[in-house]
Amino acid sequence: MAHGRPTKRRDMFPAAFILPPLVWQASFFITPLVFLVWMSFWRVKNFRLTRDFVTANWERIYNAGFFYDAYVHTFTLATVNALVVSVLAFPAAYFLAFRAGPKVRQLAIVFLVTPFFTSYLVRIYSLQIILAEHGIINSALGLVGLGPITMLSTSFATVVGFLTLTLPLVILVQLLALSQVDKRLMEAASNLGVPPFEAVFKVVIPSAKVGLIMAGTFGFLLSFGDYVSPLFLGGSKPPTLSILIADQVKSGNNWPRASVVAVTMVVTLVAVLLLMTSLAYAKRGKK
Amino acid sequence: MTKVDPFAFWSRGIGRRQFLAGSTALGAMAATGLGPRRAHAEETLNILTWPGHADPAVVGPFEEKYGVDVVAKEYVGGENMLALVNQSPPGTYDVVLSDAEYVVMLRDGGFIEEMDPADYPFDSLFPEFKKFPGHWLDDKLYSMIIRFGYLGLAYRTDALTKEEVESYAIMWDEKVKGGVGFFDWYLPSMGCLSLYNGNEKPFDIDDAAFDKLKETLFSLAPQSSGFYSMADTFSSLTSGAAKCIPGIGDWITLLLAKDGVPVDATVPKEGGIQWTESMSIMAGSTKKDLAKAFIQYMTSAEGQMRSAMMPAYNASIPSKPGWEMLNAEHPDEAVRLRMTFDDRNVLDEYAEGKIHIRRTPVQQDIETWNDAWTEFKSL
Amino acid sequence: MTRGDKILSVYLAAIFVFILAPIVTLIVFSFNADRFPSLPWSGFSLEWYEAIASDSTIHTGFKNSLIVAVATAVISTILGFCAAYTDYRFKFFGKMGFLALAAMPPTVPVVILGIANLTFMAQINLAGTLQAVILGHTVYCAPFAMALIRIRLADLDPDIEPAAWNLGATRMTTVRQVVLPFCRPAIFSAMAITAAVSFDEFMIAWFVSGINETLPVRILAMLQGQVSPRINAVGSLVFLVTITLVLIAQAAVYSFRKTRRNV
Chain A
1 MAHGRPTKRR DMFPAAFILP PLVWQASFFI TPLVFLVWMS FWRVKNFRLT RDFVTANWER
61 IYNAGFFYDA YVHTFTLATV NALVVSVLAF PAAYFLAFRA GPKVRQLAIV FLVTPFFTSY
121 LVRIYSLQII LAEHGIINSA LGLVGLGPIT MLSTSFATVV GFLTLTLPLV ILVQLLALSQ
181 VDKRLMEAAS NLGVPPFEAV FKVVIPSAKV GLIMAGTFGF LLSFGDYVSP LFLGGSKPPT
241 LSILIADQVK SGNNWPRASV VAVTMVVTLV AVLLLMTSLA YAKRGKK
Chain B
1 MTKVDPFAFW SRGIGRRQFL AGSTALGAMA ATGLGPRRAH AEETLNILTW PGHADPAVVG
61 PFEEKYGVDV VAKEYVGGEN MLALVNQSPP GTYDVVLSDA EYVVMLRDGG FIEEMDPADY
121 PFDSLFPEFK KFPGHWLDDK LYSMIIRFGY LGLAYRTDAL TKEEVESYAI MWDEKVKGGV
181 GFFDWYLPSM GCLSLYNGNE KPFDIDDAAF DKLKETLFSL APQSSGFYSM ADTFSSLTSG
241 AAKCIPGIGD WITLLLAKDG VPVDATVPKE GGIQWTESMS IMAGSTKKDL AKAFIQYMTS
301 AEGQMRSAMM PAYNASIPSK PGWEMLNAEH PDEAVRLRMT FDDRNVLDEY AEGKIHIRRT
361 PVQQDIETWN DAWTEFKSL
Chain C
1 MTRGDKILSV YLAAIFVFIL APIVTLIVFS FNADRFPSLP WSGFSLEWYE AIASDSTIHT
61 GFKNSLIVAV ATAVISTILG FCAAYTDYRF KFFGKMGFLA LAAMPPTVPV VILGIANLTF
121 MAQINLAGTL QAVILGHTVY CAPFAMALIR IRLADLDPDI EPAAWNLGAT RMTTVRQVVL
181 PFCRPAIFSA MAITAAVSFD EFMIAWFVSG INETLPVRIL AMLQGQVSPR INAVGSLVFL
241 VTITLVLIAQ AAVYSFRKTR RNV
């Protein structure tokens, strides 16, 4: 990375670039988050927020059985999604990175980017039509004399929703990671007589470790905070943390309690992010 | 080494012609989006309502006559409405459509104004609605009734028979395991269960009865198919994911039945609950005359008739001229909505005494009931 | 092609069926005559497109979304360029912190950004305005712009700028005459992409927009409030708009391709 010329004092040039994003993000990203923490100590009386400093909201939420249930449920779903999406994405990313021709790869990337530009909300609505009791899948099953299978309002449907959200992104990130793998290593492995399937585990995955872990982490982050899929596909059964947030706000303007849940979520996400980053960059142990 | 740039496809060929075509398409869309209906409607009337009340099919003639746009912010559930009212700066909304039991909270918060009964067609109302509790507080009028309906048990007729749904007890039946849906609002759902528990006044119960109610509610958890907002309530009954849903009624099933979905709603023998929707003028509004004119329109025969047939969800109307107009202009709809004068109609059920007026909890906080509901959802 | 490759390409095709099925369903069902979407298909109809054409809430939402998307695109691209150039050019104490701050917003769930923003906006009297939506969206979108521009800057030889300085150009002039033209394609893509992200974002907008609903917020309200294939029709149109934005981004890059060779 390049350096500027040795700068004189009171040089305004770097400041002209550093300050705008710094000030903007500090004002409209950090300040609201700080507010969120502060607000978790406020009170609500007759649907009205009052500034205060009480710990009652924290006590109430942390003593509520439904909060723990929702936390465990959300964490589990996000973890399952991260694993499933990583496993599902890998063969596709592998094929695109090493086996497919440039034309196929380009076309595939276009298709992978397309979903980002259709409203996620509307895609979830479409999935309702697909997964419903008399929906597309069950109609197809009916033709061969099977079903119907109840899919809507189950955790399965929620994860399917998460997958539509995360699968394209995870394939892209994995593809990016795999394209950094040195092909000579794979040739070497092949020359040494390692069968291709084994080479995937011995060469490809270890050398693309960082990217693969980060891809899975994205799968976790996005699904952990998603509101739409658990609501419209999972039928809020049981509610996730995001639904809990919306419910607290809707059912009594209880912003302070919603903030407690939100702060807990942010802390969890940061912890997961740090853990996964350190895992990704950890030196491999002695062999 | 292959270098993959995920954004590389952008730099791949797309010709000037496609570029122009794309821009033209976007321009055309922007033009249609901003174009035609902008012509009139300099002014807007902002209303806070349950979904669907600003549908052109309902408010069209009013918009036409006054040259205004009726803009709605939609909510589901009274607490959601109060939350929105509290969050918004004064003057955001001109009219609020509320359920009767929340009018008192709107008044206590200083959000709505007293209304002059002389401004509204009280003579046209059926006697039951002239002095409806909740709309009149300390003998002053705060809200003008627009529509009402009953809540009991809605069910799919291909899953349950009319005899089976004569009691709420059917919800615990093996037949509907995993098929009992819930409208995601504690008040009507828990109200019906309170009736099932035999509480004379379903919302005015002591703590022992409330604990019993919680127990009854929680015992339904294994039967549950999910928790639905308004649209999901429609689609879960349509798709068959839900075979019955307590705490809803005609307002959901009438429309579905019209579309050929095998559903019906009933008031079980333990009783049902009445809901009402009424309109108030917001204290912070700067367009109070327009707001008044709007409520006058909604209580006129035409406004009432259109409101009864509102595309989002149908309801019964309390205005006699409204019934007359409906019977004259849309006789089929009048029959479907059971608002004919000759046959058994919606007012008869009211007279039978099975219907209890919905209220907010009396002996417990709203929060206590809400927390029980949240807990139930996570079981 | 080996057998393994064949299996893998079938697998890839299956993945694409999964990814694209909701989009295809959406478009197909927007022409379905039935109100409550269920099979069998009950006939072709343009009813729902006509319905949204005469629905003023959709028009207003569309207009609001356009305003928000354009403003967000401009502001977040400027911020993104500043951040990307900072990363490219300067080294200073706390740079890691700076970059973390610049890149982090998209990792925070939008639900949380939404409620944090609403309380904050209420304090500064912006709650319920389009400005509030724009502020929320720029925070969320700027990192995307930064990433795109940074990828492009990686191709610019770090010694070019010092060469220009040695020839007597001021540093600002160099940015204007060398760096900006070089980044132009990335800047255009960044604008289009941030506009597209903003055009689709509904959670932040849902919390802060109040009565000034954007189109996706309207869709969310429709999803919760009414069953209507209008949602499919609107969704298809939104898809058309955002895809057009992407095509414009692509075309922008194409028309400036020559600059890459010249620099």
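If you read the protein sequences in the order shown, they are chains A, B and C. Residue numbering for the first sequence follows full-length UniProt numbering, starting at 1 and increasing by one per position. Residue numbering for the second sequence follows full-length UniProt numbering, starting at 1 and increasing by one per position. Residue numbering for the third sequence follows full-length UniProt numbering, starting at 1 and increasing by one per position. Glycine included, each C-beta is placed from N, C-alpha and C at the ideal position.
Between the options, which lies nearest to residue i when the distance is taken from Cα to Cα?
i, options, result
"Ile-146 (chain B)", "B:Ala-100, B:Tyr-75, B:Phe-111, B:Ala-118", "B:Ala-100"
"Asp-94 (chain B)", "B:Asn-314, B:Asp-289, B:Ala-372", "B:Asp-289"
"Gly-128 (chain C)", "C:Glu-213, C:Tyr-11, C:Asn-166", "C:Glu-213"
"Asp-138 (chain B)", "B:Asp-123, B:Met-115, B:Lys-377, B:Pro-268", "B:Met-115"
"Pro-115 (chain A)", "C:His-59, C:Val-238, C:Ala-251", "C:Val-238"
"Ser-155 (chain A)", "A:Phe-67, A:Ser-223, A:Ile-61", "A:Ser-223"
"Arg-156 (chain B)", "B:Gln-296, B:Asn-80, B:Leu-337, B:Pro-262", "B:Pro-262"
"Leu-131 (chain A)", "A:Met-186, A:Pro-148, A:Ala-258", "A:Pro-148"
"Gly-191 (chain B)", "B:Asn-370, B:Asp-69, B:Leu-379", "B:Asn-370"
"Ile-252 (chain B)", "B:Lys-131, B:Ala-308, B:Gly-134, B:Lys-130", "B:Ala-308"
"residue 333 (chain C)", "C:Met-172, C:Phe-62, C:Ala-186, C:Ala-142", "Absent from the model: residue 333 (chain C). The displayed extent of chain C is 1 to 263, so no value can be given."
"Gln-223 (chain B)", "B:Thr-44, B:Phe-376, B:Glu-63, B:Gly-67", "B:Phe-376"
Beta-carbon within less than 7 Å of residue i's beta-carbon, same chain only, minus the 5 sequence neighbours each way: which residues are those?
i, result
"His-137 (chain C)", "Val-68, Thr-72, Ser-198, Glu-201, Ile-204"
"Asp-184 (chain B)", "Phe-227, Tyr-228, Ser-229"
"Ser-189 (chain B)", "Phe-182, Phe-183, Pro-246, Gly-247"
"Met-298 (chain B)", "Ile-146, Met-279, Ser-307"
Looking at the strands, I want to know which residues DSSP matches up with residue i.
i, result
"Asp-99 (chain B)", "B:Glu-277"
"Trp-136 (chain B)", "B:Pro-133, B:Leu-141"
"Asp-69 (chain B)", "B:Thr-44"
"Asn-32 (chain C)", "C:Phe-44"
"Phe-148 (chain B)", "B:Thr-276, B:Ser-316"
"His-356 (chain B)", "B:Ile-273"
"Met-190 (chain B)", "For Met-190 (chain B), which the question treats as bridged, DSSP gives no partner whatsoever."
"Phe-48 (chain A)", "One point to set straight first is that residue 48 (chain A) is Arg, not Phe, in the sequence displayed. Its beta-bridge partners are A:Lys-45."
Beta-carbon within less than 6 Å of residue i's beta-carbon, same chain only, minus the 5 sequence neighbours each way: which residues are those?
i, result
"Ala-251 (chain C)", "none"
"Thr-217 (chain A)", "Met-276"
"Gly-322 (chain B)", "Ala-301, Gln-304, Met-305"
"Lys-73 (chain B)", "Leu-48"
"Leu-79 (chain C)", "Ala-142"
"Ser-196 (chain C)", "Note that residue 196 (chain C) is Ala in the sequence shown, not Ser. Contacts found: Thr-242, Leu-245."
"Phe-67 (chain A)", "Ile-61"
For residue i, collect the residues of the same chain with a Cβ closer than 8 Å to its Cβ; drop the 5 residues on either side in sequence, then sort them by chain order.
i, result
"Val-255 (chain A)", "The sequence given here has Trp at residue 255 (chain A), not Val. For Trp-255 (chain A), where only same-chain residues beyond five positions count, the Cβ hits under 8 Å are Met-39, Trp-42, Val-44, Leu-49, Gln-248, Val-249."
"Asn-197 (chain B)", "Ala-209, Lys-212, Leu-213, Thr-216"
"Thr-57 (chain C)", "Glu-213, Arg-218"
"Met-186 (chain A)", "Phe-98, Ala-199, Val-203, Val-204"
"Ala-283 (chain B)", "Pro-90, Gly-110, Phe-111, Ile-112, Glu-113"
At a cut-off of 8 Å, is residue i close to the ligand ATP when judged by its beta-carbon and the heavy atoms of the ligand?
i, result
"Ser-139 (chain A)", "With respect to small molecules bound, the structure shown includes none, and the ligand ATP cannot be examined in it."
Touching by the beta-carbon criterion (3+ pairs, under 8 Å), the region 106 to 113 of chain C and the region 195 to 203 of chain C: yes
The region 227 to 246 of chain B in contact with the region 173 to 187 of chain B per 3-pair CB rule at 8 Å: yes
Inter-stretch contact (C-beta, 8 Å, three-pair minimum) for the region 231 to 238 of chain A and the region 29 to 38 of chain A: With fewer than three CB-CB distances shorter than 8 Å, the region 231 to 238 of chain A does not count as touching the region 29 to 38 of chain A.
Cβ contact check for the region 201 to 213 of chain B and the region 281 to 297 of chain B: 3 or more pairs under 8 Å: no
Near-chain B residues of the region 193 to 225 of chain C - C-beta to any C-beta below 8 Å: Taking 8 Å as the upper bound on Cβ-Cβ separation, chain B lies near residues Gly-210, Ile-211, Glu-213, Ala-221, Met-222, Leu-223, Gln-224, Gly-225 of the region 193 to 225 of chain C.
Chain B contacts made by the region 213 to 240 of chain A, where a contact means CB separation under 9 Å: Leu-231, Phe-232, Gly-234, Gly-235, Ser-236, Lys-237, Pro-238, Pro-239
Interfacial residues, the region 46 to 60 of chain C to chain B, with Cβ spacing under 9 Å: Result list: Ala-53, Ser-54, Asp-55, Ser-56, Thr-57, Ile-58, His-59, Thr-60.
Stretch-stretch touch, CB-based, cutoff 8 Å, three pairs: the region 255 to 265 of chain A with the region 191 to 202 of chain A: no
Residues in the region 226 to 239 of chain B having any Cβ partner in chain C nearer than 7 Å: Of all residues in the region 226 to 239 of chain B, Ser-229, Met-230, Ala-231, Phe-234, Ser-235, Thr-238, Ser-239 have a Cβ within less than 7 Å of some Cβ in chain C.
Positions along the region 153 to 179 of chain C whose CB lies within less than 8 Å of some CB in chain A: Pro-158, Asp-159, Glu-161, Pro-162, Trp-165, Arg-171, Met-172
Under 7 Å (Cβ pairs) to chain A, residues found in the region 183 to 207 of chain B: Those would be Asp-184, in chain order.
Selection of the region 72 to 104 of chain B by Cβ proximity to chain A, strictly under 9 Å: Tyr-75, Val-76, Gly-77, Glu-79, Asn-80, Leu-82, Ala-83, Leu-84, Val-85, Asn-86, Gln-87
The region 99 to 117 of chain A in contact with the region 159 to 168 of chain A per 3-pair CB rule at 8 Å: Contact between the region 99 to 117 of chain A and the region 159 to 168 of chain A is present, because at least three Cβ pairs lie under 8 Å.
The region 50 to 61 of chain B: positions lying closer than 9 Å to chain C by Cβ: Trp-50, Pro-51, Gly-52, Ala-54, Asp-55, Pro-56
Touch test, the region 354 to 365 of chain B against the region 55 to 75 of chain A, Cβ-Cβ under 8 Å, three pairs minimum: no
Members of the region 112 to 143 of chain C near chain B, C-beta cut-off 8 Å: Leu-118, Ala-122, Asn-125, Ala-127, Gly-128
The region 93 to 107 of chain A contacting the region 171 to 191 of chain A, beta-carbon criterion three pairs below 8 Å: yes
Inter-stretch contact at 8 Å, needing at least 3 Cβ pairs: the region 75 to 82 of chain A / the region 156 to 165 of chain A: yes
Residues within the region 115 to 126 of chain A neighbouring chain C, beta-carbon criterion of under 9 Å: Pro-115, Phe-116, Phe-117, Thr-118, Ser-119, Tyr-120, Leu-121, Val-122, Arg-123, Ile-124, Tyr-125, Ser-126
Residues from the region 88 to 102 of chain C in contact with chain A, defined by Cβ distance under 8 Å: Tyr-88, Arg-89, Phe-90, Lys-91, Phe-92, Phe-98, Leu-101, Ala-102
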